[in-house]
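2 protein chains.
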Amino acid sequence: MRQALKLAESVLYITAPNPRVACLIVRDDQLLASGATQKAGGPHAEVMALRQAAEQGVAMAGTTVYVTLEPCSHHGRTPPCVDALIAASPARVVIAMGDPNPLVGGQGVARLRAAGIAVTTDICTEEALAVNPGFVARMTRKTPWTWLKLAASLDGRIALANGESQWITGPAARADGHHWRARSCVVLTGVGTVLADDPQMNVRHVKTTRAPIKAIVDTRFQVAGQARIFDGTPTWVFTCASNPEKTARLADRNVQVIELPAADGGVDLHAMMRWMGEHDVNEVHVEAGARLSGALVQTQCADELLVYMAPMLLGEGMGMATLKPLQQLTQAQRFEFMETVSLAPDMRIRARHIDHWKTLLQALQRSN
Amino acid sequence: MRQALKLAESVLYITAPNPRVACLIVRDDQLLASGATQKAGGPHAEVMALRQAAEQGVAMAGTTVYVTLEPCSHHGRTPPCVDALIAASPARVVIAMGDPNPLVGGQGVARLRAAGIAVTTDICTEEALAVNPGFVARMTRKTPWTWLKLAASLDGRIALANGESQWITGPAARADGHHWRARSCVVLTGVGTVLADDPQMNVRHVKTTRAPIKAIVDTRFQVAGQARIFDGTPTWVFTCASNPEKTARLADRNVQVIELPAADGGVDLHAMMRWMGEHDVNEVHVEAGARLSGALVQTQCADELLVYMAPMLLGEGMGMATLKPLQQLTQAQRFEFMETVSLAPDMRIRARHIDHWKTLLQALQRSN
Chain A
10 MRQALKLAES
20 VLYITAPNPR
30 VACLIVRDDQ
40 LLASGATQKA
50 GGPHAEVMAL
60 RQAAEQGVAM
70 AGTTVYVTLE
80 PCSHHGRTPP
90 CVDALIAASP
100 ARVVIAMGDP
110 NPLVGGQGVA
120 RLRAAGIAVT
130 TDICTEEALA
140 VNPGFVARMT
150 RKTPWTWLKL
160 AASLDGRIAL
170 ANGESQWITG
180 PAARADGHHW
190 RARSCVVLTG
200 VGTVLADDPQ
210 MNVRHVKTTR
220 APIKAIVDTR
230 FQVAGQARIF
240 DGTPTWVFTC
250 ASNPEKTARL
260 ADRNVQVIEL
270 PAADGGVDLH
280 AMMRWMGEHD
290 VNEVHVEAGA
300 RLSGALVQTQ
310 CADELLVYMA
320 PMLLGEGMGM
330 ATLKPLQQLT
340 QAQRFEFMET
350 VSLAPDMRIR
360 ARHIDHWKTL
370 LQALQRSN
Chain B
10 MRQALKLAES
20 VLYITAPNPR
30 VACLIVRDDQ
40 LLASGATQKA
50 GGPHAEVMAL
60 RQAAEQGVAM
70 AGTTVYVTLE
80 PCSHHGRTPP
90 CVDALIAASP
100 ARVVIAMGDP
110 NPLVGGQGVA
120 RLRAAGIAVT
130 TDICTEEALA
140 VNPGFVARMT
150 RKTPWTWLKL
160 AASLDGRIAL
170 ANGESQWITG
180 PAARADGHHW
190 RARSCVVLTG
200 VGTVLADDPQ
210 MNVRHVKTTR
220 APIKAIVDTR
230 FQVAGQARIF
240 DGTPTWVFTC
250 ASNPEKTARL
260 ADRNVQVIEL
270 PAADGGVDLH
280 AMMRWMGEHD
290 VNEVHVEAGA
300 RLSGALVQTQ
310 CADELLVYMA
320 PMLLGEGMGM
330 ATLKPLQQLT
340 QAQRFEFMET
350 VSLAPDMRIR
360 ARHIDHWKTL
370 LQALQRSN
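Protein chains in written order, with the working numbering: chain A, 10 to 377; chain B, 10 to 377.
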């Protein structure tokens, strides 16, 4: 199954809004065929693997099929994978995690069993969730999985007191950041960053066939029509201000303006996350200033921290996230360190929100 | 040699102010005997290994002796190891790094060679330096090697805005911190910390036969006689204020008051480091507030950062180190990450000052 999960990761940038799934066909510990889900509308992992098996004349009798997500049992843009598996009739199907959609979860397993195929499920559930946190989040809590990308000094400063921030981290860290943009469905920033730096927020340094949508939180709708962020792929502007004339003008630049209610002096971030969930967004990559980053943490909209840390102390300067003052340390939201990777001279630290992660895991377990 | 360096690390807490040294006696890739330097005044590594060899009836002819530091050639509290080696007459001596003292460096090697023993030197110099940075610093630049122990959130806060800091990091991180106190010669803090927290600053959770001296930077000599830091081992108070009566009173509590010139509104930290170098201090472990930590960084007295980082964001709060504002990122002192260790739920990040480290390495190379 670990090998299957590795293969699923190989389509990290491709499948959205579908989950990244891989399928291995094995007999006597020998890998006979494999496949991974292609871009949305294309064949799923099971079909890719069965196709390869057929091409190579592999007899399915007595095989074990490993698949990283419960095979689909409904007609979407492609026919149900369960039908293809039943037709192929392997001896056994081993599934890493059930379908996170509580409405359909378990039906794939049930139909396989009804067809006389032995099924084992919930093998490496947590590892499987780690490949598709966004898909599971969208299916179970109706909002995307969101990480904050932060570039900071060892003492947590993202800019000097005078605003200088280019470049705290080096080329290796900056290039790595583009991989995280590439896997996301939406790259989100704040209007402050757009006005100050006029960033492109597109994917560079990574070969990919799918570009994420770009999005701006812009409470007062201040963004200028010539902003470079509007070049290329579509952009969403989330705002509390109505300006039909400007909205119409921006439509020519492939910009969709979404008016949302206000909360706490800015765009209601929960409403924004729900809106994105409704619009097939699995993963949101945030690159913003301390204000928006802080607001996302404060409202519990930040699921993961992706911190590029430079080995220097800056003393005074802009912090990572502006938060309301805490009275006690126990009030701080609890994250857990996931991994640390050297990107010399910097390093990348990932941490995830303990409760948010647990909630996804529990939802998966409940759906079975 | 790597095995010898590992053995040298086993006496990390013991040998100060002497360096941590190990010696292996090997023939045909077979380890015949080994030894490590004991506490100051006790036998050096070479003597320990030769003794073990003699006890076990090992014939020294044809052996190779690996030693992590050039054998001493002068009479200190023990006779020169070079004499013992020449008397034993191995075929070859392999040395990790030369004696860092430019006045004596190379004489050990020269005398071995004159006695007809083949000598190879500068094998794993940098690794050998890493075992004894303090000894090398004291010998070459006349000041100790100094690290700042910091416990902070992921966004670099060592306390909440209201001052609460107990406990940002968990028990594993706190216990680990005691190992770093135990290996140091001096545990240094500021009077602000003493007045606010009344810490003991002693070594707990670690078995050790040697306790570091404790020291306080106390510009205006504000410390109270009943402070808990004065319990146990001797304490130094570095101050700019003269108070002979208080000094005399504190002497009963095993406190030595050292009057130093002022610099930049506080104790001249360079003078303090030189004083410690003159008083056989190899390694200084600093646990202080943002002010003293910042002053040590600002004055280039911080060689290493030992950061225990908790996976949480605090937003507002006390920073790691108060520094004068930088105008450009290029003005920041450059550290390099050395290692990251998980101490769940926290992690320990070590970074060292690039130029300070290079200077020690170059001094070692020059002394040969």
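For each residue, glycine too, the CB sits at the ideal point set by N, CA and C. Because the structure is a prediction, the values reported are computed rather than measured.
Which of helix, strand or coil DSSP assigns to residue i
i, result
"Gly298 (chain A)", "coil"
"Lys216 (chain B)", "coil"
"Ile8 (chain B)", "This structure leaves residue 8 (chain B) out entirely; chain B is present only between 10 and 377."
"Trp245 (chain A)", "strand"
"Asp9 (chain B)", "The structure shown has nothing for residue 9 (chain B), since chain B only spans 10 to 377."
"Ile238 (chain B)", "helix"
"Val195 (chain A)", "strand"
"Gly143 (chain A)", "helix"
"Val226 (chain A)", "strand"
"Ala260 (chain A)", "helix"
"Gly303 (chain B)", "helix"
"Ala271 (chain A)", "strand"
"Glu173 (chain B)", "coil"
Distance, residue j Cα to residue i Cα
i, j, result
"Phe346 (chain B)", "Thr244 (chain A)", "38 Å"
"Gly199 (chain A)", "Thr256 (chain A)", "18 Å"
"Ala42 (chain A)", "Ala58 (chain A)", "6 Å"
"Gln336 (chain A)", "Arg357 (chain A)", "30 Å"
"Ala233 (chain B)", "Pro320 (chain A)", "37 Å"
"Asn211 (chain B)", "Leu40 (chain B)", "38 Å"
"Asn141 (chain A)", "Pro28 (chain A)", "6 Å"
"Lys223 (chain A)", "Ala13 (chain A)", "31 Å"
"Val76 (chain A)", "Ala105 (chain A)", "6 Å"
"Val30 (chain B)", "Phe144 (chain B)", "11 Å"
"Ala184 (chain A)", "Arg359 (chain B)", "24 Å"
"Thr178 (chain B)", "Val196 (chain B)", "20 Å"
"Gln342 (chain A)", "Glu296 (chain A)", "20 Å"
"Ala97 (chain B)", "Glu79 (chain B)", "16 Å"
"Ala19 (chain A)", "Ala49 (chain A)", "Per the sequence shown, the amino acid found at residue 19 (chain A) is Ser instead of Ala. Computed Cα separation, rounded: 15 Å."
"Ala62 (chain B)", "Arg36 (chain B)", "12 Å"
"Pro153 (chain B)", "Cys194 (chain B)", "9 Å"
"Cys133 (chain A)", "Met10 (chain A)", "7 Å"
"Ala260 (chain B)", "Val56 (chain B)", "39 Å"
"His187 (chain A)", "Pro354 (chain A)", "18 Å"
"Ala168 (chain B)", "Pro52 (chain B)", "46 Å"
"Ile267 (chain B)", "Thr149 (chain B)", "24 Å"
"Asp312 (chain A)", "Phe230 (chain B)", "48 Å"
"Ala124 (chain A)", "Ser82 (chain A)", "13 Å"
"Arg361 (chain B)", "Gly275 (chain B)", "25 Å"
"Thr228 (chain A)", "Val246 (chain A)", "9 Å"
"Leu373 (chain B)", "Thr130 (chain B)", "11 Å"
"Phe344 (chain B)", "Ala181 (chain A)", "17 Å"
"Glu292 (chain A)", "Arg147 (chain B)", "53 Å"
"His288 (chain B)", "Thr155 (chain B)", "15 Å"
"Arg60 (chain A)", "Leu112 (chain A)", "29 Å"
For residue i, the first and last residue of its enclosing alpha helix (DSSP H)
i, result
"Met285 (chain B)", "278-287"
"Asp206 (chain B)", "200-206"
Opening and closing residue of the beta strand (DSSP E) in which residue i lies
i, result
"Glu268 (chain B)", "264-268"
"Leu112 (chain B)", "Taken as a continuous stretch (DSSP letters only), Leu112 (chain B) belongs to no beta strand (DSSP E), as it is neither H nor E."
"Ala127 (chain A)", "127-129"
Residue(s) in a DSSP beta bridge with residue i
i, result
"Glu345 (chain A)", "A:Arg361"
"Asp401 (chain A)", "As shown, chain A starts at 10 and ends at 377. That puts residue 401 (chain A) outside it, with no answer to give."
"Glu313 (chain B)", "B:Trp156, B:Arg361"
"Ala161 (chain A)", "A:Met318"
"Met327 (chain A)", "A:Ala168"
"Glu136 (chain A)", "None; Glu136 (chain A) has no bridge partner."
"Val293 (chain B)", "B:Thr155, B:Val195"
- Scan the stretch 14-102 of chain B and note each continuous alpha helix (DSSP H) run of 4 residues or more that stays entirely inside, going in chain order. DSSP runs (the alpha helix (DSSP H)) wholly in the stretch 14-102 of chain B: 54-64, 90-97.
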